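Beneath this line is the structure, given in structure tokens, with notes to follow.
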Amino acid sequence: MYLLNKTPIFLEFLKRFMNKAGYVFEDENIQNKLFLHSKCNCKQKDCATVYLYSKKPFKEDSTGINIFNTNKGYIIVHILDEGYFEFEALLYKKYQYKKEIDKFFNKNRKIDKKVPKLKNKIKKISDKDMKKIDDYFNDFEILEPNIIDFGEIDFNEINKKD
Numbered sequence: 004m005y006l007l008n009k010t011p012i013f014l015e016f017l018k019r020f021m022n023k024a025g026y027v028f029e030d031e032n033i034q035n036k037l038f039l040h041s042k043c044n045c046k047q048k049d050c051a052t053v054y055l056y057s058k059k060p061f062k063e064d065s066t067g068i069n070i071f072n073t074n075k076g077y078i079i080v081h082i083l084d085e086g087y088f089e090f091e092a093l094l095y096k097k098y099q100y101k102k103e104i105d106k107f108f109n110k111n112r113k114i115d116k117k118v119p120k121l122k123n124k125i126k127k128i129s130d131k132d133m134k135k136i137d138d139y140f141n142d143f144e145i146l147e148p149n150i151i152d153f154g155e156i157d158f159n160e161i162n163k164k165d
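So the sequence shown is numbered by my numbering: it starts at 4 and just counts up by one.
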């Protein structure tokens with residue numbers, strides 16, 4: 004596992020999104036709670052899924068999948084009670100952190116269970132990258148979900164027809 008401090012663009016993006024989505028961490032410094040575990044290995048050029056880990060497992064009532072429909076694409080947050088946290092952003096080309104995560108994990112980093120020592124120092128984000136993040140979140144909105152109700156589905160009846 005690796006410190007989020009080593010990927011400042013992703014850290015800033017994650018902090019801002021979590022704040023907008025209403026997620027609250029006991030420790031205000033999210034980089035002291037979550038650690039980079041890995042990225043998706045699907046080999047798609049546009050995949051920007053990041054897996055994080057918390058050494059303290061999440062409470063059962065905070066686990067599950069949340070899909071956020073935003074004016075800039077969908078963001079999926081999947082929290083598992085074992086301490087794993089998946090952050091997936093659809094329409095990947097719009098997310099500033101993708102290149103940083105790819106570069107960070109393309110150094111053949113191995114995944115281990117060691118939790119790194121906490122450090123308060125975060126790498127500085129360039130003015131250009133900070134402007135991109137500011138521009139992205141300037142008009143960012145979480146939209147109401149598009150829900151289609153198909154009514155009640157009887158799966159037993161469907162299986163009988165096969």
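Note that the Cβ used here is the ideal one computed from N, Cα and C, for glycine as well. Predicted model only: the values in this text are computed from it and were never measured.
On the DSSP letters alone, give me the boundaries of the alpha helix (DSSP H) that residue i sits inside.
| i | result |
| --- | --- |
| F20 | 11-24 |
| E103 | 101-108 |
| F140 | 130-141 |
Taking the alpha-carbon of residue i as reference, which of the options has the nearest alpha-carbon?
| i | options | result |
| --- | --- | --- |
| S48 | L93, K127, P119 | Here residue 48 is Lys; the residue named in the question, Ser, does not match the sequence. That would be L93, whose Cα lies nearest to the Cα of K48. |
| I104 | I136, I145, K42, G76 | K42 |
| F88 | G67, F71, N8 | G67 |
| L40 | Y77, K9, K126 | According to the sequence displayed, residue 40 carries His and not Leu. Taking only the C-alpha atoms, the option nearest H40 is K9. |
| Y139 | L146, N74, I125, K106 | N74 |
| N141 | K106, F13, K23 | K23 |
| Y56 | M133, G76, M4, D132 | M4 |
| D132 | Y98, Y77, P119 | Y98 |
| Y100 | Y26, K124, K135, K46 | K135 |
| F38 | L14, D130, K102 | L14 |
| L6 | K120, K46, Y26 | K120 |
For the beta strand (DSSP E) containing residue i, list its first residue and its last residue.
| i | result |
| --- | --- |
| F38 | 37-42 |
| L55 | 53-57 |
Going along the chain, which residues of its own chain have a beta-carbon closer than 7 Å to the beta-carbon of residue i, five neighbours each way excluded?
| i | result |
| --- | --- |
| M21 | I33 |
| S65 | I82 |
| K126 | N8, K9, P11 |
| L146 | N72, T73, N74 |
| L17 | I33, F90 |
| I70 | Y77, I79 |
Go through its chain and collect everything with a Cβ distance to residue i's Cβ below 6 Å, but skip five positions before and after it.
| i | result |
| --- | --- |
| F108 | K42 |
| Y54 | H40, S41, E89 |
| C50 | C43 |
- prompt: What residue ranges within the segment 69-99 form continuous beta strand (DSSP E) runs of no fewer than 3 residues, ordered along the chain?
  reply: 76-82, 87-92
- prompt: Is the segment 47-64 in contact with the segment 82-92, if contact means three or more CB pairs nearer than 8 Å?
  reply: yes
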